[in-house]
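Here is the structure we will look at, set down as structure tokens.
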Amino acid sequence: AVRGRGLADVRHGTKVTSLVDCLDGVRATIESGGRSQTVTADYAIGADGATSWVRGQLGIRMNGMPPLAQQINVYFHADLSELTEHRPAVLYWTINSAARGVFIAMDGRRRWTFNFEYNPAVETPADYPPERCRGIIAAALGRSDIDIEIQRVGGWTMCAETATAYRQGHVFLAGDAAHRFPPTGGIGMNTGLADADNLAWKLAAVINGWAGPTLLDSYHAERRPVAQSNTQYSVANALKMASTGIGPTATGVVERLESIDPDVAAAQRAAMADSIEQQRPHFGALNQDLGYRYDRPGAAVVPDGTDPPVLRDAATDFVATARPGSRLPHAWVVRDGALVSMLDLVGPHVLIITGRDGAHHLRCVTGVAEVPTSHVVLGADIVATDTDLHDLLGIGPNGWLIVRPDGHVAARSASPDGDGCAILTALAKVLSVTFTPA
Ligand SMILES: Cc1cc2nc3c(=O)[nH]c(=O)nc-3n(C[C@H](O)[C@H](O)[C@H](O)COP(=O)(O)OP(=O)(O)OC[C@H]3O[C@@H](n4cnc5c(N)ncnc54)[C@H](O)[C@@H]3O)c2cc1C
Numbered sequence: 353a354v355r356g357r358g359l360a361d362v363r364h365g366t367k368v369t370s371l372v373d374c375l376d377g378v379r380a381t382i383e384s385g386g387r388s389q390t391v392t393a394d395y396a397i398g399a400d401g402a403t404s405w406v407r408g409q410l411g412i413r414m415n416g417m418p419p420l421a422q423q424i425n426v427y428f429h430a431d432l433s434e435l436t437e438h439r440p441a442v443l444y445w446t447i448n449s450a451a452r453g454v455f456i457a458m459d460g461r462r463r464w465t466f467n468f469e470y471n472p473a474v475e476t477p478a479d480y481p482p483e484r485c486r487g488i489i490a491a492a493l494g495r496s497d498i499d500i501e502i503q504r505v506g507g508w509t510m511c512a513e514t515a516t517a518y519r520q521g522h523v524f525l526a527g528d529a530a531h532r533f534p535p536t537g538g539i540g541m542n543t544g545l546a547d548a549d550n551l552a553w554k555l556a557a558v559i560n561g562w563a564g565p566t567l568l569d570s571y572h573a574e575r576r577p578v579a580q581s582n583t584q585y586s587v588a589n590a591l592k593m594a595s596t597g598i599g600p601t602a603t604g605v606v607e608r609l610e611s612i613d614p615d616v617a618a619a620q621r622a623a624m625a626d627s628i629e630q631q632r633p634h635f636g637a638l639n640q641d642l643g644y645r646y647d648r649p650g651a652a653v654v655p656d657g658t659d660p661p662v663l664r665d666a667a668t669d670f671v672a673t674a675r676p677g678s679r680l681p682h683a684w685v686v687r688d689g690a691l692v693s694m695l696d697l698v699g700p701h702v703l704i705i706t707g708r709d710g711a712h713h714l715r716c717v718t719g720v721a722e723v724p725t726s727h728v729v730l731g732a733d734i735v736a737t738d739t740d741l742h743d744l745l746g747i748g749p750n751g752w753l754i755v756r757p758d759g760h761v762a763a764r765s766a767s768p769d770g771d772g773c774a775i776l777t778a779l780a781k782v783l784s785v786t787f788t789p790a
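Every position in the sequence shown, counted from 1, becomes a number in this note's numbering once 352 is added.
In structure tokens, the structure reads:
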């Protein structure tokens, strides 16, 4: 898809073997098929995974807890429909004395992974050849008659760490290179994608000359706290799962489940059944997923003096708000006769939304210093189907909102006085530029 849009030169099977930060950009050596080539660029992003070579080259440390566990990940093909079709799920945990781990459905049919813990003091992933893995999976399934085709076996370390710096000179870290946390919560890749969403528009703005270079410093200020919060959340989920008998800190569970004393086994089963309800924040954490906001010092946002919503549970309770730093709320709206989400108004431009009587604010930002903008006047360009958009966005009829290309609200004025161009001042602050009057 990226290739199809002509935006990037995508090269598979290519390895970066050196990266030098020069005064005006970066110079990298890339190797492919035995051939080596030097490329130069304004900036580089190290999105090279949990053991990031780029991070090592930059000497950036990770900050967090010691490793929580060592895991084997087996990717395999098997038809498990007989065991799963009456209880479809993405994750299936199994516990018995021969095998204990989690099956993750890749396509809900034949493609699966099975993850389980190993002891690094006595073993390495090389001690798990396909035949041994096949036996472990059969034991976990409790079936020896199912055809299991092992595709790939690898080891990974369950960590809870965040890079101390997301940027050094012209090089940035993104994805697992910048943060690694337990998969309990399912937000590792989501956090990485949001890193890219945050950084991409800023790089485009700086390279295309409509934002100042200091805008790029906001990447660390905005994204690192999100990774830290997601790390804490994921670790808390992992620890809480111990009460169900799952995870590195759960001990004695298998012994009790398989006890010859039926009362001991029944008590363990009952305790596990009870604790399942406690896992709800792990699997329905809308605020953890969507409620993160950029309102710390250094964010590319202009605060409007309002407080964030008060939440009963920081993981599960999500309150849609257009407070600066938050993600633009969703609402169904009609635009040009079509029903769309308000989120569909966001694009590679700065989005300006005004109240129904606020169209005059647009004059201030039209054609300014080549900043790509799009404009929406509530009640004229979009009409809500079942929401009061002024209420939802927290602006009066004369108010305005600046939304960044990553969908986060950059600035808001609920009811500005007079016809001044405060919106232009806010835009300049967000983009770290000074606009010269036309
Ligand atoms: C069991 C498990 C379950 C998970 N479930 C979820 C989930 O449900 N939801 C979720 O959001 N996340 C989940 N995650 C986390 C998710 O898999 C990772 O966060 C994500 O894959 C990280 O993506 P990345 O692109 O940053 O790194 P990677 O996927 O590791 O990709 C890094 C890439 O960089 C390449 N590379 C490395 N060095 C170089 C070099 N020198 N030159 C060129 N290329 C290089 C590598 O070959 C690789 O292709 C899970 C993880 C695990 C282990």
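Idealized CB from N, CA, C, for every residue including glycine. Model, not experiment: these values are computed from the prediction.
Query, Result
"Is Ala399 close to ligand 1? I mean its beta-carbon at under 6 Å from any heavy atom of the ligand.", "yes"
"With a 10 Å radius around its C-beta and 16 neighbouring C-beta atoms as the bar for buried, classify Trp553 as buried or exposed.", "buried"
"I'd like to know whether the C-beta atoms of Pro724 and His701 end up nearer to each other than 7 Å.", "yes"
"Excluding five sequence neighbours on each side, which residues of the same chain lie with their C-beta closer than 7 Å to the C-beta of Tyr518?", "Phe524, Leu525, Ala530, Tyr571, His572, Arg575, Arg576"
"Would you check if the distance between the CB atom of Ala402 and the CB atom of Val391 is smaller than 7 Å?", "no"
"How many Å lie between Leu567 and Leu783 at the Cα?", "6 Å"
"What are the boundary residues of the beta strand (DSSP E) that includes Asn589?", "First-last for Asn589: 570-592, but that is the alpha helix (DSSP H), not the beta strand (DSSP E)."
"Under 8 Å, with one C-beta from each stretch per pair, do the stretch 556-563 and the stretch 763-781 reach the 3-pair mark?", "no"
"Buried or exposed, going by whether 16 or more other CB atoms sit within 10 Å of the CB of Asn820?", "Only positions 353 to 790 of the chain appear in the structure, and residue 820 is not among them; the question remains open."
"As an exercise, report each continuous beta strand (DSSP E) stretch of at least 3 residues that is fully enclosed by the stretch 624-697, in chain order.", "684-687, 690-693"
"With a 10 Å radius around its C-beta and 16 neighbouring C-beta atoms as the bar for buried, classify Arg413 as buried or exposed.", "exposed"
"Could you tell me which of Val426, Pro419, Thr476 sits nearest to Ala492, measuring between CA atoms?", "Val426"
"Using the C-alpha atoms, what's the distance from Phe635 back to His792?", "Not covered by the structure: residue 792. The range shown for the chain is 353 to 790."
"Using three-state DSSP, classify Arg407 as helix, strand or coil.", "helix"
"Less than 7 Å between the beta carbons of Pro482 and Ile498, yes or no?", "no"
"So Gly677 and His760 are in contact, right, with Cβ under 8 Å, and what is the actual spacing, rounded?", "6 Å"
"Can you give me the Cβ contacts of Gly597 inside the same chain, cut-off strictly under 7 Å, excluding the 5 residues immediately before and after it?", "Ile447, Val605, Met624"
"Please name the residue, chosen from Thr788, Thr543, Arg407, that lies closest to Ser581 on a Cα-to-Cα basis.", "Thr543"
"Please confirm whether any heavy atom of ligand 1 lies closer than 6 Å to the CB of Lys592.", "no"
"DSSP three-state call for Pro477: helix, strand or coil?", "helix"
"Put Ser388 into one of helix, strand or coil per three-state DSSP.", "strand"
"Who are the near neighbours of Ala360 in its chain, counting only those whose CB is closer than 6 Å to its CB and skipping five residues on each side?", "Val354"
"Ordered along the chain, which non-local residues of its own chain (more than five positions away) have a Cβ less than 7 Å from that of Gly748?", "Gly707, His742, Ala766, Ser767"
"Around the C-beta of Ala513, are 16 or more other C-beta atoms found within 10 angstroms, so that it is buried, or is it exposed?", "Residue identity differs from the one stated: residue 513 is Glu in this sequence, not Ala. By the neighbour-count rule (16 or more Cβ atoms within 10 Å), Glu513 is buried."
"Which partner residues does Asp373 have in the DSSP bridge list?", "Val378"
"In the DSSP assignment, find the alpha helix (DSSP H) that holds Asn550 and state where it starts and stops.", "540-559"
"Is it true that the CB of Ala590 sits closer than 7 Å to the CB of Thr536?", "yes"
"Mind checking which residues open and close the alpha helix (DSSP H) that includes Cys773?", "Unbroken run through Cys773: none, as it is neither H nor E."
"Can you tell which of Trp752, Val785, Asp641 has its C-alpha closest to the C-alpha of Asp769?", "Trp752"
"In chain order, what residues of the same chain lie with their CB nearer than 8 Å to the CB of Ile628, ignoring the 5 residues before and after it?", "Thr596"
"Can Gln558 be considered in contact with ligand 1, in the sense that its beta carbon sits closer than 6 Å to one or more heavy atoms?", "In the sequence on display, residue 558 carries Val and not Gln. It does not: the Cβ of Val558 is nowhere closer than 6 Å to a heavy atom of ligand 1."
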